[in-house]
Amino acid sequence: MIQNMDFSDEDLRLISKGVQKYITEGNSQDVISNLQNFTPEQMRYIVNHKINGKTSMIVACQIGNFEVVKFLVEECFVDLEQTGLTRINGVFVDATPVWIAAKCKQNEIMTYLTEKGANLNNPGSELPLIHVACQDGNTTLIEFLAANGADINLPDKDNKRCIQKSLNKPEVLRCLVSNGADVNVLFGKRSLLHSAIQQDLLEAVDILLNGDIDLHATDFDKTTALQLAAIGYKVEITELLMSKMDLTRSTTIETYELLGAAAMENKDIERACELWWNAISMQIDEPIEFPYNTDIIRSIIGGYPEPKSLKELQATASSYPSRLKVRALIVREKFLGPYHTDNVFKLILHGMEIASEKLYEKSFQILQCAYTRMVERHGLLIKVELYIITQIASVCSCIMLEYLEKRNGFIPVGQLFSLVMDVVDQLEEGTKLYKKDPEKFGGKSPVVYQDMMHALVDILYLTYRMDQVTDNRTFMNCLYRVICINPTGTNGNSILHLSLSRHPNMKLHTDRPKLGNWHYVLAEMLLQNGMNPNARNKDGETPLHIYLRHANNICQVNTDIVNLLRHHGAHIDICDEYGVSLFASAKLVGVKIDLVKDCSLMCLAAHTLIRHKIPYEEELPGFLIDFVRMHMCTRTKGII
């Protein structure tokens with residue numbers, strides 16, 4: 001209740017509703033004359049009162065009633081920063097009066113409120129007004145806001161600035177730059193200039209260059225804007241940047257070399273040779289030393305003398321176009337360094353291309369080099385590492401098949417062994433991180449972690465099969481360590497669970513009949529070396545649960561696998577966390593299980609203790625307590 005008044009709160013609410021109705025109808029004089037009957041405090045209460053979320057000021061600003069707006073500000077002392085809810089173009093917004101006026105293009109009101117001190121940076125619950133102007137492409141409004149103190153670099157709720165969202169709007173971008181927008185703000189891990197180059201926005205690059213931009217800024221790969229334009233084969237942008245920069249001779253040579261490499265990747269051999277000749281001709285008088293040693297990549301990809309003259313270039317182009325592609329890789333290595341993302345991706349693509357030509361040994365070496373570089377740079381699991389491993393598995397399956405046919409050739413058991421151990425090390429470290437902080441997980445996605453478990457199963461199988469056919473007998477040491485570490489996926493699946501439930505890498509899956517019974521071989525290998533056949537995942541499922549469900553999904557069951565698990569101690573009388581028994585799963589795929597015949601007396605005793613709720617924890621030794629609990633449904637605390 002307002003003190004010292006003759007009106008109740010409900011009375012004033014009804015009066016507020018009436019005032020808003022008059023404003024909507026355009027009856028300015030009725031609004032003014034009615035409000036003048038109240039004290040200043042009452043008027044302020046009435047005009048600031050919200051009806052359906054909006055105040056009288058919001059209504060007047062939206063319909064453009066300048067006379068009422070002026071009265072409300074000067075006589076009613078309305079709160080200029082009070083937000084109100086209204087609908088504009090079918091969308092509800094909750095914003096300040098000046099925001100509403102600007103959005104509804106009530107320029108006279110917007111100017112007046114600005115002169116009276118309205119805060120142009122207060123967005124209420126909406127986008128800041130400068131962002132709205134940029135979004136709408138309203139350069140007139142941008143100019144007005146900039147001239148009247150609006151923060152042109154004000155971020156939105158996602159911490160993005162207008163200039164970051166306006167690269168593909170040249171007029172807006174030009175307006176922002178001319179009014180002092182920060183052109184060096186980062187766009188993720190890249191500068192605006194890098195982002196414009198990446199999107200091939202020539203006009204945006206030209207506009208940004210008119211600002212106080214740092215042309216030597218680097219991105220997450222330590223790549224300058226000029227390098228990015230060159231390796232992306234953005235010729236016009238590259239030439240524009242070169243014209244704006246005071247380049248050293250070595251930087252000019254580097255740019256021509258990188259452009260030539262990009263031209264080669266785009267199958268423009270003639271242009272590549274032309275650009276490389278430009279670079280060579282600049283080095284003839286005084287050879288320049290460049291930062292990175294390319295001996296490693298030369299030895300992997302195939303070394304040959306680097307052309308030092310136009311004649312050598314022409315000879316290479318006419319006789320060995322494939323060597324020019326290798327030269328492109330060496331150029332990237334020389335200028336970008338061994339760990340640069342673009343360099344590694346080109347290595348991967350080259351390795352896959354070599355594999356398509358059935359040069360599997362060379363392909364394996366290239367892919368392994370790419371994988372090693374990604375691990376050295378990024379450490380824990382990332383999608384690119386996973387992708388490389390799947391490609392390595394595909395190449396190794398081809399190597400394996402070729403060896404089985406010819407009984408000679410390259411078998412990379414040692415290299416694959418090292419890869420297995422590296423993946424296991426990563427999974428072990430990943431498990432620790434995931435348990436410590438599942439949300440952050442070191443910035444890596446649990447999905448990638450789970451997929452890496454699948455990839456581990458693939459390369460375990462291949463390493464084992466290669467070890468068998470070559471009789472190296474080195475694999476068991478590797479396997480023993482894997483089993484001791486016992487990596488599990490984010491859902492708790494062990495490698496035994498996965499070996500029984502998933503289709504292998506597509507190449508392995510296609511060649512599975514030639515490579516042997518994939519699921520059986522893996523399961524036997526793991527069980528013979530001590531893998532727990534009764535290990536449970538987070539849903540309480542054992543490997544046998546997983547296999548029977550998988551067999552039901554593909555409508556095919558291998559009873560040899562069921563018998564293998566049972567032979568190694570898999571219990572058939574336990575249920576998962578949701579009470580689903582192995583009996584039910586087995587019945588679905590036609591596997592017969594007899595509770596009395598197939599259960600030991602110890603198992604039946606465990607069921608009896610659980611069924612009759614007989615206390616046992618103080619009577620039995622620890623290993624028997626675990627044995628009884630294994631037969632209990634963890635969710636229902638019951639039995640089958």
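Going by full-length UniProt numbering, the residue at position 548 of the sequence shown is 548; the numbering climbs one at a time, nothing skipped.
Note that beta-carbon positions come from the ideal geometry of N, C-alpha and C, so glycine has one too.
These numbers come from a predicted model, not from an experiment.
| Check | Outcome |
| --- | --- |
| For ARG549, which residues from the same chain have a beta carbon less than 7 Å from its beta carbon, with the 5 sequence-adjacent residues on both sides left out? | SER585 |
| Provide the residue span of the alpha helix (DSSP H) that contains ARG327, from first to last. | 321 to 336 |
| State the Cα-Cα distance for the pair GLY232 and ALA262, rounded to the nearest angstrom. | 6 Å |
| Roughly how far, in whole angstroms, is the beta-carbon of THR390 from the beta-carbon of GLN450, given that I think they are within contact range, below 8 Å? | Rounded, the Cβ-Cβ distance is 14 Å, inconsistent with contact. |
| Return the first residue and the last residue of the beta strand (DSSP E) that LEU85 is part of. | 84 to 88 |
| Less than 8 Å between the beta carbons of LEU347 and LEU329, yes or no? | yes |
| Going by the beta-carbon positions, is the gap between ILE163 and VAL205 smaller than 8 Å? | no |
| Is the CB-CB distance between VAL177 and VAL183 below 8 Å? | yes |
| Any heavy atom of the ligand FMN inside 7 Å of the beta-carbon of SER585? | Of the ligands one can find in the structure shown there are none, so the ligand FMN has no counterpart to examine. |
| Out of LEU527, LEU359, ALA551, which has the shortest C-alpha to C-alpha gap to ALA570? | LEU527 |
| Between which two residues does the beta strand (DSSP E) carrying ASP94 extend? | 91 to 95 |
| Assign ILE574 to one of three DSSP states: helix, strand, or coil. | coil |
| Is the beta carbon of MET531 closer than 8 Å to that of LEU496? | yes |
| Evaluate the contact criterion for the segment 145 to 162 versus the segment 193 to 201: three or more CB pairs, one atom per stretch, below 8 Å. | no |
| Which same chain residues end up closer than 6 Å to GLY443 when comparing Cβ atoms and leaving out the 5 residues on each side of it in sequence? | Unreliable positioning characterises GLY443 in this predicted model, as indicated by a pLDDT of 49, which lies under 50. The coordinate reading is nonetheless provided below. Closer than 6 Å at Cβ, skipping near neighbours: no residue. |
| Taking all protein chains shown into account, decide if ASP158 is buried (16 or more other Cβ within 10 angstroms of its Cβ) or exposed. | exposed |
| Determine whether the beta carbon atoms of ALA393 and ALA455 lie at a separation below 8 Å. | yes |
| Our contact map puts ILE109 next to GLY64 with C-beta atoms below 8 Å; I'd like the distance itself, whole angstroms only. | 6 Å |
| Can you tell me where the alpha helix (DSSP H) holding HIS519 begins and where it ends? | 518 to 528 |
| Within 8 Å, do at least three Cβ pairs link the segment 27 to 34 to the segment 68 to 88? | yes |
| With distances taken from CA atoms, which of PRO97, GLY180, SER195 is nearest LEU226? | SER195 |
| Just list the residues that DSSP pairs ARG190 with in beta bridges. | PHE187 |
| Could you give the distance in angstroms between the alpha-carbon of ARG629 and the alpha-carbon of ALA606? | 8 Å |
| DSSP state of LYS538, grouped into three classes? | coil |
| DSSP three-state label for THR608, please. | helix |
| Against chain D, with Cβ distances strictly below 8 Å, would ILE495 count as a contact? | Note that chain D does not occur in the displayed structure, where there is just one protein chain. |
| With a threshold of 16 other CB atoms inside 10 Å of the CB of GLN20, please say whether the residue is buried or exposed. | buried |
| Less than 8 Å between the C-beta atoms of LEU80 and ALA118, yes or no? | yes |
| When we look at the beta-carbon of HIS631 and count the other beta-carbons within 10 Å, is it buried (16 or more) or exposed? | buried |
| Quick one: Cα of GLU67 to Cα of SER191, how far? | 47 Å |
| Report the CB separation of MET466 from ILE411 in whole angstroms; it is logged as a contact under 8 Å. | 5 Å |
| DSSP three-state label for THR140, please. | helix |
| Assuming ARG332 and ASN343 make a contact with CB atoms under 8 Å, what is their CB distance in whole Å? | 4 Å |
| Using the Cα positions of LEU85 and ASP94, report the straight-line distance between them to the nearest angstrom. | 4 Å |
| In or out: SER322 buried (at least 16 other Cβ within 10 Å) or exposed? | exposed |
| In angstroms, rounded to a whole number, what distance separates the CA positions of HIS545 and ASN408? | 41 Å |
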